[in-house]
Structure formats: structure tokens, C-alpha cells
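A quick write-up on the structure given underneath.
Numbering (the numbering used here), first residue to last: 345 to 592.
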């Protein structure tokens, strides 16, 4: 959400008083994206003044990373951002009779931003979500101008992202092909085990042993009986010494 300049201070202080941290974060995101798109040099100068090395040639993403990384621990950075927000929204009047009021505005903004700083320190995921939202607004505002000359993303990010996408597509393609071949082999195996292919041809079951050929039983013929031979009576030798008697 983009807030009107003349409502920024009241909206911001109201969000702090009501404890509406979502609105507080939203206002900060909008203001930081404005500063990075339209007041880059002032942001870089402010970072260097509070001890954070930064260069104007850095991409917007690198500057966002530098701010969010140090915002939770560098109180001087919090005050510097509060001053830049007040100054770019024309809330600071340097005339003597207005200076005190301007200082109060900066202090109030700084106090509110300290709440965000503490939340960033407690919640590691908050930096990620805030960076995402800030970068989205930077892209939208840069495109709206039509003549944005700064580098938005880190050097080589687009190339790496493209290579990552191509690599992902290749990996997915290889995975899909391997899965297809695996499913195909399983289907053929299942059909073979079932004994039938799609065309109806029968296949032997690979899990069974092939049946042995049937062999006719061998019948052994009964032995031919041998002819009966009368017992041979051996003739007794005649005893010449024993007299023989005639039979009467």
C-alpha cells in the first residue's frame, strides 16, 4: 500500500499506538522502496555515515540486504532512516520556530522504527518477507517510471535463475523418463507373470518350472518258463562180486 505524504506521520504514529505492526511494517516497506528508487544517493550516504559500507553502484537488492541486515542492531541506522523518511516527506522544517517540532517528528518515527527493529531481531522470517515486499515495490515503481537505469537485482541473479530453471526442467524430464521406463518394465513383467500380453498371446509363467515330458511306463515282459526235465537217474555199477539170483 502506498501512503500519501501528508498522512504518513499520523498513519505511522497511529499504527504504533494501536499495536498494528502489520500497518507499521507496510508503511516502512513503502518508504524504504521510495528511498531506494528515488533517493538512492541519500540512502548510500546515510549507510556510510553510520558505519555501513555501501556503494551507489550496488544493486537495489544489495542495498536492501544491507539495510535489513543492520536494521536490527544498528540504532544509528534506525535514526538515519527515520530522518530520511521525514525529510523526503517534507516533514522537516529547519526554521528555528519549527525545528523543535521537526525533531519530535524524527524522534517519533525513530521510536516506531525501533519496534520494527526489535521484531526483526526476534523473528528471522520477518526479514525474508519484508525483503520480498520491498523488492516487489521497487520493481513496480521502477517500471512505472519507464526510464529506470539502476540495477535492481544482484549481478548474475537473472542468469543464475535462468540456469536453475533450465536445470530443474532437465532434472524433471530425466526423472519423468526414468519413471516411465520403470513403469513400462513393471507392466511388461506383470503381463508376463500373468501369462498374457496385450495382444492375447500366451506366455509361460516365469515363476513356475516347465512341466516335464510324459514318459510311458516301461512294461517288462514275463520270463519264458523253461521246459521241465525229468530227473536223471544215475545207473548203479554192477557188483561183480555179489552173486545174482534168478527171479522165481
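Each residue gets a CB set at the ideal place from its N, CA and C atoms; glycine is no exception.
Rounded to whole angstroms, residue 406 and residue 525 show a C-alpha spacing of 46 Å. Within the same chain, and ignoring the five residues on either side of residue 437 in sequence, the residues whose Cβ sits closer than 6 Å to its Cβ are 446. Going by C-alpha positions, residue 367 is about 8 Å away from residue 356.
If you look at residue 426, you'll find it in the alpha helix (DSSP H) that goes 419 to 432. Burial check for residue 359: the Cβ neighbour count within 10 Å reaches 16 or more, so the residue is buried.
In chain order, 418, 420, 421, 424 place their CB closer than 7 Å to the CB of residue 394, counting only its own chain and leaving out the 5 sequence neighbours on each side.
Non-local C-beta neighbours of residue 410 in its own chain, meaning closer than 7 Å and more than five positions away in sequence, comprise 391, 396, 398, ordered along the chain. Per DSSP, residue 492 lies in no alpha helix (DSSP H) segment and is marked neither H nor E.
Apart from the 5 residues on each side of it in sequence, residue 463 sits with its Cβ closer than 7 Å to the Cβ of 365, 470 in its chain, given in chain order. In terms of Cα proximity to residue 386, the closest of 371, 374, 432, 372 is 432. Note on geometry: alpha-carbon atoms of residue 492 and residue 486 lie some 5 Å from one another. In its chain, beyond the 5 residues on either side, 496 have a beta carbon closer than 8 Å to the beta carbon of residue 483. Looking only at 476, 427, 414, 489, the smallest Cα-Cα distance to residue 461 is reached by 414. For the pair residue 412 and residue 474, the CB atoms are nearer than the 8 Å cut-off. For the options 478, 455, 402, 452, the alpha carbon positioned closest to that of residue 375 is the one of 478. Between residue 380 and residue 428, the gap from beta carbon to beta carbon reaches 8 Å or more.
Around the beta carbon of residue 443, a 10 Å sphere encloses fewer than 16 other beta carbons of the protein chains shown; the residue is thus reported as exposed. Contact between residue 498 and residue 403 is confirmed by a C-beta separation of about 5 Å, below the 8 Å threshold.
With distances taken between CA atoms, residue 369 lies nearest to 456 out of 456, 523, 480, 490. In the displayed model, residue 467 falls within coil according to three-state DSSP, outside both helix and strand.
Residue 410 sits in a helix when the DSSP states are folded into three classes.
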